[in-house]
Amino acid sequence: MQFSTIIPLFLAVMGVVATPVNSPAQELDARGNLFPRLEYWGKCTKAENRCKYKNDKGKDVLQNCPKFDNKKCTKDGNSCKWDSASKALTCY
């Protein structure tokens, strides 16, 4: 074989060898369960648009609700949720 024929063949073989196989093990995230994923539920106030919930240490936490229509507090005493995994507060 000539040198000019071997090079493209060699590159094609290297591309096939270097392509990863899609295995079910790749779908598992090794970092997925390092930290506990907790949701803290509390109550919100419409006038201040704030959520008050207790964290894992038992302390009260006040946090402003988002100003989006689907995430802000709609009525006094409604529930709100702090998701520690996504670090998102949703008021209902």
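Mind the numbering: the sequence shown is residues -18 to -1, 1 to 74 in mature numbering (1 follows the signal peptide of the UniProt record, and there is no 0), read in order. Every residue gets a Cβ at the ideal spot worked out from N, C-alpha and C, and that includes glycine.
Along the beta strand (DSSP E) that carries residue i, what are the first and last residues, could you check?
{"i": "tyrosine 74", "result": "First-last for tyrosine 74: undefined, no H or E at that position."}
{"i": "lysine 49", "result": "No beta strand (DSSP E) contains lysine 49, which DSSP labels as neither H nor E."}
{"i": "lysine 36", "result": "32 to 36"}
Quick check on DSSP: helix, strand or coil for residue i?
{"i": "leucine -8", "result": "helix"}
{"i": "threonine -14", "result": "helix"}
{"i": "cysteine 26", "result": "strand"}
{"i": "aspartate 58", "result": "coil"}
What residues in its chain sit with their C-beta under 6 Å from that of residue i, if we drop five residues either side in the sequence?
{"i": "glycine 59", "result": "Lys25"}
{"i": "tyrosine 74", "result": "Asn60 and Ser61"}
{"i": "leucine 20", "result": "Ser66"}
{"i": "lysine 63", "result": "Glu21, Trp23 and Thr72"}
Could you tell me which residues DSSP pairs with residue i in its beta bridges?
{"i": "glutamate 21", "result": "Asp65"}
Residues in its own chain within less than 8 Å of residue i by CB, not counting five upstream and five downstream?
{"i": "asparagine 37", "result": "Tyr22 and Val43"}
{"i": "arginine 32", "result": "Cys26, Leu44, Gln45, Asn46, Cys47 and Cys55"}
Touch test, the stretch 19 to 37 against the stretch 55 to 62, Cβ-Cβ under 8 Å, three pairs minimum = Three or more pairs of CB atoms, one per stretch, sit closer than 8 Å, so the stretch 19 to 37 contacts the stretch 55 to 62.
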